[in-house]
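Each remark here refers to the structure printed beneath this line.
In the working numbering, the protein residues as written are 4 to 182.
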């Protein structure tokens with residue numbers, strides 16, 4: 004069956020899916036305790052099997068290949084969930100009224116933004132202001148400043164990265180600072 008899948012035989016792939024979907028679904032369901040996540044991970048596993056079918060080895064059983072892929076898919080899932088959990092925790096921390104009030108009393112958000120923007124090159128600062136504060140599109144900014152749309156995109160990406168590193172962007176987003 005491995006050789007047939009390697010050669011792009013859709014029928015062999017479907018047969019493998021029918022034969023192993025139950026075992027893999029049970030594996031993912033046991034690990035995630037969420038039916039939808041288990042179904043998604045099952046689909047990703049078979050997608051990866053098809054995508055990387057050319058690298059399959061006949062020295063291993065198809066089941067070994069599938070569970071190796073499944074383990075990798077599950078690890079990716081855990082990494083993603085861990086990252087989402089960190090974001091949720093940070094959002095909860097920043098959105099709690101007490102911390103928000105302390106932060107706002109300690110720093111006026113607009114003053115802090117202006118301080119950070121003043122540290123940026125003038126063009127980058129102006130592009131950020133036009134897009135995020137005044138609502139202009141990339142194309143409109145490019146026309147106003149007589150630069151390319153790509154230059155607008157690059158400068159805005161660098162400005163957002165800089166704001167992210169100062170942790171101000173997270174707070175601004177949480178407080179719906181941008182319209």
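C-beta atoms are modelled at their ideal positions from N, C-alpha and C, and glycine is treated no differently.
Could you check how far apart the C-beta atoms of residue i and residue j are, in whole angstroms? I think they sit under 8 Å.
i: residue 45; j: residue 28; result: 5 Å
i: residue 56; j: residue 8; result: 5 Å
i: residue 3; j: residue 158; result: As displayed, the chain neither begins before 4 nor continues past 182, which places residue 3 out of reach and without an answer.
i: residue 72; j: residue 48; result: 5 Å
i: residue 130; j: residue 160; result: That belief does not hold up - the Cβ atoms of residue 130 and residue 160 are roughly 10 Å apart, past 8 Å.
i: residue 51; j: residue 76; result: 7 Å
i: residue 4; j: residue 65; result: 6 Å
Would you identify the three-state DSSP class for residue i, choosing helix, strand or coil?
i: residue 137; result: coil
i: residue 14; result: helix
i: residue 80; result: helix
i: residue 169; result: coil
i: residue 109; result: Low per-residue confidence applies at residue 109: pLDDT is 46, beneath 50, and the placement is therefore not dependable, though the value from the model is reported in the following sentence. Residue 109: helix per DSSP, three-state reduction.
Closer than 7 Å to a non-hydrogen atom of the ligand GDP - does that hold for the CB of residue i?
i: residue 160; result: In the structure on display, the ligand GDP does not appear, and there are no ligands present to speak of.
At 3 residues or longer, and completely inside the stretch 14 to 94: list those beta strand (DSSP E) runs for me, N to C. With a minimum length of 3 residues, no continuous beta strand (DSSP E) run stays inside the stretch 14 to 94.
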